[in-house]
Amino acid sequence: MQSCNANTPAEQARELFSKGCALLKTGEPAIALTYFLRIQELAAPNPAVLLYAGSALHDLGRYEEAVSTYQNALQLDSNTGEIHNNLGNSLMALGRFTEAAESFETAARLLPSSPVPLTALATAQQATGKIIEAGASCRAALALKPDFSEAHWNLALNLLLQGNYSEGWKEYEWRWLKGGFTSPRRHTDIQQWDGAPLGGSTILLHAEQGFGDAIQFVRYVPLVAQQGGTVVLECHLQLVSLFQEVAGVKLVIPFGAAPAVAEFQAPLLSLPHVFNTTLENIPARTPYLYVPSEYSRKWASLMSGYHGTRRVGLVWAGKSYPDPLRSCRLSDFAPIGAVDNVTFFSLQIGDGSEQRAYPPDKFRLVNLTTNINDFADTAALIDQLDLVISIDTATAHLSAALGRPTWLLLPFAPDWRWLLRRNDSPWYPSMRIFRQEQQGMGWGKVIETVAAALEDCSLQKNKIP
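This is how it looks when you write it as structure tokens:
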């Protein structure tokens, strides 16, 4: 920490506060926090200092401490909306959604001209299953500030979750203006395609966001090709080999490669809007992904020793961001381990894969993932299985896009693409959905239902639905 030139403690505190705020603004929360803590040694407790100290703690991922700091600030000043709003943000990060909603409601009352707490309130309401109320909060925020991109984004997710695709896809186009959006906006120097006939022109389609998003929406490539153009597809390196098999694509290039010369471009997740996709006309025919022949031969050989039982792939964990509640633990799957005539194959890559070393008792788990180098490998392994059971991950998308039987396990507040209160998906005919029915219920009942369904299939020796 730099020394202060001020003489009195009050002057030192003011200088430290100014420096701490500047550091926080420029993305240095750890250093900023030291300034705010030093102020508390020099001066009486101050709600503004506690507000910024809480912000630094939140940015550092120290959410419990942030909550305590904001609560201390509210004991000194309960009428500052920013404190309530920030408290709500930290409560959201801890999964305390009902408490967060209460904080955002208070912030909205204290900041009646700001769209920020209303937009945050919508997120908390959606997490607690108050879907209609969440949409109303988004619209209230937009009434205050019609160009507030965060509210448009939240409204898009709300509408899509309800299956209101006609308005939802339009709102989804606001994603590029949302602060901190997960993908950069690419190829803005090329005209974005509006769906008109291509007449022999080259169009560059580019993936965005995560692997699962790319896998789900690459289904639109054949529709684009039917418009009479040459399709070049840009995607994550790990998807290149797999996407080379997509119908209608001329060339697949990884991100970072020299861009193709093209007259038009379009992000993959803008294509549903271009094609006016509704629940009734989703291009849902599967498979639309196919395993390259050399990968099929490789995995047929690797799996040649595993015959005589049903072969079921498992995925139990995903990245904690953006949704830590979507993951479970391998130990949670213990009930399905009791099902006879089943061998389980780990499809878990990355976070959570260390749990393979400690499977539940009597759990027949095979790990061949050291042979996986990209998604074409994963696809080839899945193609050798009878069923994939997965939480909401790219692997679930991949399995269903291959047309393989896929059982998807969802938390109470699902991602928008899985809709509400249904056990199937209009995007994937071979998918069956198992949902948490109540907030905070955990995975126990869901996996018991999965175990019963798997037992039924095993006993009847029928085709897995």
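According to the numbering used here, the stretch in the sequence shown is residues 381 to 845, in order. In this text, a Cβ means the ideal position worked out from N, Cα and C, and glycines have one as well. All values reported here derive from a predicted model rather than from experimental measurement.
#1: Taking buried to mean at least 16 other C-beta atoms within 10 Å of its own C-beta, is M472 buried or exposed?
#2: Less than 9 Å separating the beta-carbons of V719 and S838?
#3: Take N770 as the anchor and find which of W696, L799, V722 and R784 has the nearest alpha-carbon.
#4: Excluding the 5 residues flanking S529 on each side, which residues of the same chain have their C-beta closer than 6 Å to its C-beta?
#5: Measuring alpha carbon to alpha carbon, tell me which of E444, G608, G400 and L456 ends up nearest E643.
#6: When burial is assigned at 16 or more other CB atoms within 10 Å of the CB, is R665 buried or exposed?
#7: Can the beta-carbon of L648 be found closer than 9 Å to that of D569?
#8: Hey, would you say R797 sits closer than 9 Å to Q624, going by beta carbons?
#9: Output the boundary residues of the beta strand (DSSP E) element that contains G693.
#10: From the DSSP secondary-structure annotation, give me the bridge partner or partners of R815.
#11: Measuring straight from C-alpha to C-alpha, what distance separates A605 and V654?
#12: Ignoring anything shorter than 4 residues or poking outside the segment 416 to 492, list the alpha helix (DSSP H) runs there in chain order.
#13: Using DSSP with H/G/I as helix, E/B as strand and the rest coil, what is C708?
#14: Within the same chain, show all residues whose beta-carbon is closer than 8 Å to that of R690, passing over the 5 residues directly before and after it, in chain order.
#15: Roughly how far, in whole angstroms, is the beta-carbon of L498 from the beta-carbon of A520, given that I think they are within contact range, below 8 Å?
#16: Taking Q596 as part of the beta strand (DSSP E), name the residues at either end of that continuous run.
#17: Any idea which residues DSSP pairs I633 with across the strands?
#18: Identify the continuous alpha helix (DSSP H) that holds H687 and give its terminal residues.
#19: Which first and last residues belong to the alpha helix (DSSP H) in which H532 is found?
#20: Is DSSP giving A321 helix, strand or coil here?
#21: State the beta-bridge partners of S339 as determined by DSSP.
#22: In angstroms with no decimal places, state the Cα-to-Cα distance between A514 and V692.
#23: Using the Cβ count rule (16 or more neighbours within 10 Å means buried), how would you classify E614?
#24: Use the C-beta contact count for D772: other C-beta atoms within 10 angstroms, 16 or more gives buried, fewer gives exposed.
#25: Using the C-alpha atoms, what's the distance from Q645 back to F633?
#26: Below 8 Å on the Cβ atoms is my guess for L761 versus I752; work out the distance and round it to an integer in Å.
#27: How far does the alpha helix (DSSP H) with T658 in it extend, from its first residue to its last?
#28: By the three-class DSSP mapping on this structure, what secondary structure does D804 have?
#29: Does the beta-carbon of Y738 have 16 or more other beta-carbons within 10 angstroms, so that it is buried, or is it exposed?
#30: Determine the closest residue to L537 out of S684, S810 and A793, with distance taken between C-alpha atoms.
#31: Touch check for the segment 410 to 426 and the segment 393 to 400: three-plus C-beta pairs under 8 Å?
#32: By the DSSP assignment, the alpha helix (DSSP H) with V768 in it spans what residues?
#33: Does the beta-carbon distance from L348 to Q542 come in below 9 Å?
#34: Could you tell me if A402 is buried or exposed, where buried requires 16 or more neighbouring beta carbons within 10 angstroms of its beta carbon?
#35: Going by C-alpha distance, which of G590, T582 and G575 is nearest V561?
#36: Cβ atoms of I813 and L790: under 9 Å apart, would you say?
Inspection of the coordinates gives the following:
#1: To locate residue 472, count along the sequence shown from 1; it is residue 92. So M472 ends up on the buried side.
#2: Locating residue 719 in the sequence shown gives position 339, where the first residue counts as 1. Locating residue 838 in the sequence shown gives position 458, where the first residue counts as 1. Going by C-beta atoms, V719 is nearer than 9 Å to S838.
#3: By 1-based counting over the sequence shown, the position of residue 770 is 390. First, the residue type needs correcting, since residue 770 is Ser and not Asn in the sequence shown. Considering only alpha carbons, the answer is W696.
#4: Start at 1 with the first residue of the sequence shown, and residue 529 comes out as number 149. Excluding positions up to five away in sequence, the list reads W554, L557 and K558.
#5: Sequence index remark: in the sequence shown, residue 643 carries index 263 (1-based). It is G608.
#6: If you number the sequence shown from 1, residue 665 lands on position 285. The residue in question, R665, is exposed, as its Cβ has fewer than 16 Cβ neighbours within 10 Å.
#7: In the sequence shown, the residue the question calls residue 648 occupies position 268. In the sequence shown, the residue the question calls residue 569 occupies position 189. No. Outside cutoff.
#8: For the purposes of this step, residue 797 is taken as residue 417 along the sequence shown, with counting starting at 1. For the purposes of this step, residue 624 is taken as residue 244 along the sequence shown, with counting starting at 1. Taking 9 Å as the Cβ cut-off, R797 and Q624 do not qualify as a contacting pair.
#9: As a first step, residue 693 must be located in the sequence shown, where it is residue number 313. Here the beta strand (DSSP E) through G693 covers R690 to V695.
#10: In the sequence shown, residue 815 corresponds to position 435, counting from 1. Beta bridge pairing from DSSP links R815 with L790.
#11: Numbered from 1 along the sequence shown, position 225 holds the residue referred to as residue 605. Numbered from 1 along the sequence shown, position 274 holds the residue referred to as residue 654. C-alpha separation (whole angstroms): 14 Å.
#12: 427 to 439, 443 to 456, 461 to 473 and 477 to 490
#13: For this step, residue 708 is matched to residue 328 along the sequence shown. Looking at C708 - three-state DSSP - the assignment turns out to be coil, as it is neither helix nor strand.
#14: Here residue 690 corresponds to residue number 310 of the sequence shown, with the count starting at 1. Here the set comprises N721, V722, T723, D766, L767, C837, S838 and I844.
#15: In the sequence shown, the residue the question calls residue 498 occupies position 118. In the sequence shown, the residue the question calls residue 520 occupies position 140. With 8 Å as the limit, L498 and A520 qualify as a contact, their Cβ atoms being about 5 Å apart.
#16: The residue labelled residue 596 in the question sits at position 216 within the sequence shown. Segment F591 to F597 is the alpha helix (DSSP H) holding Q596; no beta strand (DSSP E) there.
#17: Indexing the sequence shown from 1 puts residue 633 at position 253. Answer is E614.
#18: If you number the sequence shown from 1, residue 687 lands on position 307. Segment: none, H687 is in no alpha helix (DSSP H) and carries neither H nor E.
#19: Locating residue 532 in the sequence shown gives position 152, counting from the first residue. Here the alpha helix (DSSP H) through H532 covers S529 to L541.
#20: Since the first and last residues shown for the chain are 381 and 845, residue 321 lies out of range.
#21: As displayed, the chain neither begins before 381 nor continues past 845, which places residue 339 out of reach and without an answer.
#22: Taking the first residue of the sequence shown as position 1, residue 514 is located at position 134. Taking the first residue of the sequence shown as position 1, residue 692 is located at position 312. Taking the straight line from one Cα to the other gives about 38 Å.
#23: Here residue 614 refers to the residue found at position 234 when the sequence shown is read from its first residue. The residue in question, E614, is buried, as its Cβ has 16 or more Cβ neighbours within 10 Å.
#24: Position 392 of the sequence shown, counted from the start, is the residue given in the question as residue 772. The residue is buried, with at least 16 neighbouring Cβ atoms inside 10 Å.
#25: Against the sequence shown, residue 633 aligns to sequence position 253. Against the sequence shown, residue 645 aligns to sequence position 265. For the sequence presented, residue 633 should be read as Ile rather than Phe. If you take the alpha carbons of I633 and Q645, they lie about 14 Å apart.
#26: Counted from its first residue, the sequence shown places residue 761 at position 381. Counted from its first residue, the sequence shown places residue 752 at position 372. Rounded, the Cβ-Cβ distance is 7 Å, consistent with contact.
#27: Numbered from 1 along the sequence shown, position 278 holds the residue referred to as residue 658. Here T658 belongs to no alpha helix (DSSP H), and DSSP marks it neither H nor E.
#28: Locating residue 804 in the sequence shown gives position 424, where the first residue counts as 1. Strand.
#29: Taking the sequence shown and counting its residues from 1, the one referred to as residue 738 is at position 358. Classification for Y738: exposed.
#30: Numbered from 1 along the sequence shown, position 157 holds the residue referred to as residue 537. Ranking the options by Cα distance to L537, first place goes to A793.
#31: yes
#32: Here residue 768 refers to the residue found at position 388 when the sequence shown is read from its first residue. Here V768 belongs to no alpha helix (DSSP H); instead the beta strand (DSSP E) covers L767 to I771.
#33: Absent from the structure is residue 348, since the part of the chain shown begins at 381 and ends at 845.
#34: Within the sequence shown, numbered from 1, the residue matching residue 402 stands at position 22. Label assigned to A402: exposed.
#35: Translated into positions along the sequence shown, residue 561 becomes position 181. In the sequence as presented, Val is not what sits at residue 561; that position holds Phe. Closest by alpha carbon: G590.
#36: Locating residue 790 in the sequence shown gives position 410, where the first residue counts as 1. Locating residue 813 in the sequence shown gives position 433, where the first residue counts as 1. For L790 and I813, yes; Cβs fall inside 9 Å.
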